[in-house]
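Convert by adding 977 to the 1-based position in the sequence shown; the result is the number in our numbering. Every residue, glycine too, gets a C-beta built ideally from N, C-alpha and C.
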Amino acid sequence: MQLYIWRHPKPKQVQGLCFGQHEVMVDRRKLKRLAHQILRFVRVNQLPKRIWVSPLQRSKQVGEYLAAQGFECHVDAQLLETHFGAWEGRLWSDISKDEIDQWCEHFADFAPPGGESLRQLFERVAAWIEQQKQTQAELNIDVTTHARLNVTHQTVLHQAVLVVGHAGWISSAKFIQQGQQPPTQAAHWPRSVGHGQLSCFKF
978 MQLYIWRHPK
988 PKQVQGLCFG
998 QHEVMVDRRK
1008 LKRLAHQILR
1018 FVRVNQLPKR
1028 IWVSPLQRSK
1038 QVGEYLAAQG
1048 FECHVDAQLL
1058 ETHFGAWEGR
1068 LWSDISKDEI
1078 DQWCEHFADF
1088 APPGGESLRQ
1098 LFERVAAWIE
1108 QQKQTQAELN
1118 IDVTTHARLN
1128 VTHQTVLHQA
1138 VLVVGHAGWI
1148 SSAKFIQQGQ
1158 QPPTQAAHWP
1168 RSVGHGQLSC
1178 FKF
């Protein structure tokens, strides 16, 4: 399975804000720009016009623009960004140093009150990937059926999955692709991919 995942466009007025699953606004021009970028990529690479998005507007609205261009758009809560619980919508500077220290010291397993840990995020990402792999496996048809349906072997076996996602989810997918566990130290967490940036993973 080939996974193509774009990070959502850059939100407005979020400097210093903790907003994992907190709704934030994105300029409509940026939403449309990313949708057009994805549409061009799909046309050039002859990929299926099918996209998965999270329920958060900064992802979902890109899918809605693509749906208007003939895409199938699937909304899946498993694609949500990390849930920061009681920290959601607060300024990082308003979160106590003790809480931040606990998070950094127990990076894989610490969860803010009502939120999820990095390990739980990894489990959610891995479950979605496995679900997609299973779906793709079910789409593979034997050679006899290929000939009867006039479908090429390459078209069937190299199914692409397209997603508009979130930085934490994308970083987790990269670790999973490399067979790695959640990092136990914050220093080992990578820099987030850029807004609108495409990441490609093969599973």
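- Cβ-Cβ distances below 7 Å link G993 to L1068, W1069 and S1070 in the same chain, with the five nearest sequence neighbours on each side left out; the list follows chain order.
- Taking a cut-off of 8 Å for Cβ pairs, the stretch 999 to 1015 and the stretch 1034 to 1041 touch, as three or more such pairs fall below it.
- Two segments are said to touch when three or more pairs of C-beta atoms, one from each, lie closer than 8 Å; by this definition the stretch 1100 to 1108 does not touch the stretch 1017 to 1027.
- The three-state secondary structure of R984, taken from DSSP, is strand.
- In this structure, E1065 and G1171 do not form a Cβ contact; the two beta carbons are roughly 23 Å apart against a cut-off of 8 Å.
- DSSP places I1072 in no alpha helix (DSSP H); its state is neither H nor E.
- In its chain, beyond the 5 residues on either side, Q979 have a beta carbon closer than 6 Å to the beta carbon of K1179.
- The three-state secondary structure of Q1034, taken from DSSP, is helix.
- Here the C-alpha atom of Q1155 lies approximately 28 Å from the C-alpha atom of K1026.
- Of the residues Y981, R1005 and K1151, the one whose Cα lies closest to the Cα of K989 is R1005.
- It is roughly 19 Å from the alpha-carbon of V1140 to the alpha-carbon of A1114.
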